[in-house]
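Asker: Here numbering that gives the first Met the number 0 is used: the first residue of the sequence shown is 0, the next is one more, and so on. Just so it is clear, CB atoms sit at the ideal spot from N, CA and C, and this is done for glycine as well.
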Amino acid sequence: MDWKIGACLISGVSSGIGKATAEKLLLEGGQVLGYSRKAPEISHSNFSYFPCDVLNTKELETFLKKIKKENITSLVLNCGIGLFGHLEEMSIKEAKDLFEVNFFSHMSAVKELLPEFKKRGKGHIIAIGSESALVAKRKGSLYCASKFALRGFIEAMRDELESSGIKVTMIHPGMVETPFFDDLFFKPGEDESEHLKAKDVAEAVFYALSSRPGCVIENIVLSPQKKKVLFKKNQ
Numbered sequence: 000m001d002w003k004i005g006a007c008l009i010s011g012v013s014s015g016i017g018k019a020t021a022e023k024l025l026l027e028g029g030q031v032l033g034y035s036r037k038a039p040e041i042s043h044s045n046f047s048y049f050p051c052d053v054l055n056t057k058e059l060e061t062f063l064k065k066i067k068k069e070n071i072t073s074l075v076l077n078c079g080i081g082l083f084g085h086l087e088e089m090s091i092k093e094a095k096d097l098f099e100v101n102f103f104s105h106m107s108a109v110k111e112l113l114p115e116f117k118k119r120g121k122g123h124i125i126a127i128g129s130e131s132a133l134v135a136k137r138k139g140s141l142y143c144a145s146k147f148a149l150r151g152f153i154e155a156m157r158d159e160l161e162s163s164g165i166k167v168t169m170i171h172p173g174m175v176e177t178p179f180f181d182d183l184f185f186k187p188g189e190d191e192s193e194h195l196k197a198k199d200v201a202e203a204v205f206y207a208l209s210s211r212p213g214c215v216i217e218n219i220v221l222s223p224q225k226k227k228v229l230f231k232k233n234q
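1) Check whether the Cβ atoms of I16 and V167 sit closer than 9 Å, and answer yes or no.
2) Return helix, strand or coil for C214, following the three-state DSSP convention.
3) May I have the straight-line CA-CA distance separating I41 from A19, to the nearest angstrom?
4) Where does K146 land, buried or exposed, given buried means 16+ other C-beta within 10 angstroms?
5) Using the Cβ count rule (16 or more neighbours within 10 Å means buried), how would you classify M0?
6) Does V12 come out as helix, strand or coil in the three-state DSSP assignment?
7) Measure from the alpha carbon of K121 to the alpha carbon of each residue in K37, S163 and S210, then state which is nearest.
8) According to DSSP, simplified to helix, strand and coil, what is A126?
9) Please go through the same chain and pick out, in chain order, the residues whose beta-carbon is closer than 7 Å to the beta-carbon of M106, but skip the five residues on each side of it.
10) So, do the region 189-209 and the region 57-70 have three or more beta carbon pairs nearer to each other than 8 Å?
11) Given a cut-off of 9 Å, decide if L221 and G173 are closer than it, judged by their beta-carbon atoms.
12) May I have the straight-line CA-CA distance separating S14 from M156, to the nearest angstrom?
13) Just how far apart, CA to CA, sit E111 and A21?
14) State the start and end residues of the unbroken beta strand (DSSP E) segment that holds V31.
15) So who's on the other strand from H171, going by DSSP bridges?
16) With 16 other CB atoms within 10 Å as the buried threshold, where does A126 fall?
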């Protein structure tokens, strides 16, 4: 393991995977800067929270231009929303908002921080993908498209930055027990073997960040031992 204390910028830090990742890195002695619409319940001297709604492109742009002045060593692209159902049931606005959060907010973060990483000749970009970035399934046309877009972007950036000293990793979790499913018509199984925990993904992030210089963990795929989907009543 080659973990060195550094400053990690995490999006979607209010709950779920983002919060768990922040807590893991803080536990390991890192400094964390997190942004999201709502503040997380994290109290730590090495944690800084910044309110930011990534759907507000001007607000996001202003925040990123300010935060890039910090000595950020790694970036975790985590924030995301879900949109599932038959295509004809979903609006164009919903589709645009989905891509704004799941793709464009991440592209914007990389675009702003990349010049700073290049100046230092090092840095680490970690994107939280999904099993939906690997296999497309029914009622997930738009969500899968947003995750496939992120995967294509990350894989191209990895190839582009191969000789720069900047590492690029993508983590693809299966269904994780988080508030992500609160407003959806389905959720993962309730048994611990039927869903992932947010801390499982956080451990994967730390593992990738801990790789020695010259070694890149390109992709990590995480799955519950048993794959089970529960459909909520009256939905």
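Answerer: In brief:
1) Not in contact: I16 and V167 (Cβ atoms no closer than 9 Å).
2) If DSSP states are grouped into helix, strand and coil, C214 belongs with coil.
3) If you draw a straight line from the Cα of I41 to the Cα of A19, it is about 10 Å long.
4) A residue is called buried once 16 or more other Cβ atoms fall within 10 Å of its Cβ, and K146 is buried on that count.
5) Note that M0 scores a pLDDT of 49, beneath 50, so its modelled location is shaky and nothing firm can be said.
6) V12: coil per DSSP, three-state reduction.
7) Cα-wise, what sits closest to K121 is S163.
8) Three-state DSSP puts A126 in a strand.
9) F152, listed in sequence order.
10) The region 189-209, when compared against the region 57-70, does not touch it at the 8 Å Cβ threshold.
11) With respect to L221, G173 sits close: the two C-beta atoms are nearer than 9 Å.
12) Between S14 and M156, the C-alpha separation is close to 27 Å.
13) When only Cα atoms are considered, E111 and A21 end up about 21 Å apart.
14) Segment Q30 to S35, the beta strand (DSSP E) holding V31.
15) DSSP, once it has assigned bridges, lists V220 as partnering H171.
16) By the 10 Å Cβ count, A126 comes out buried.
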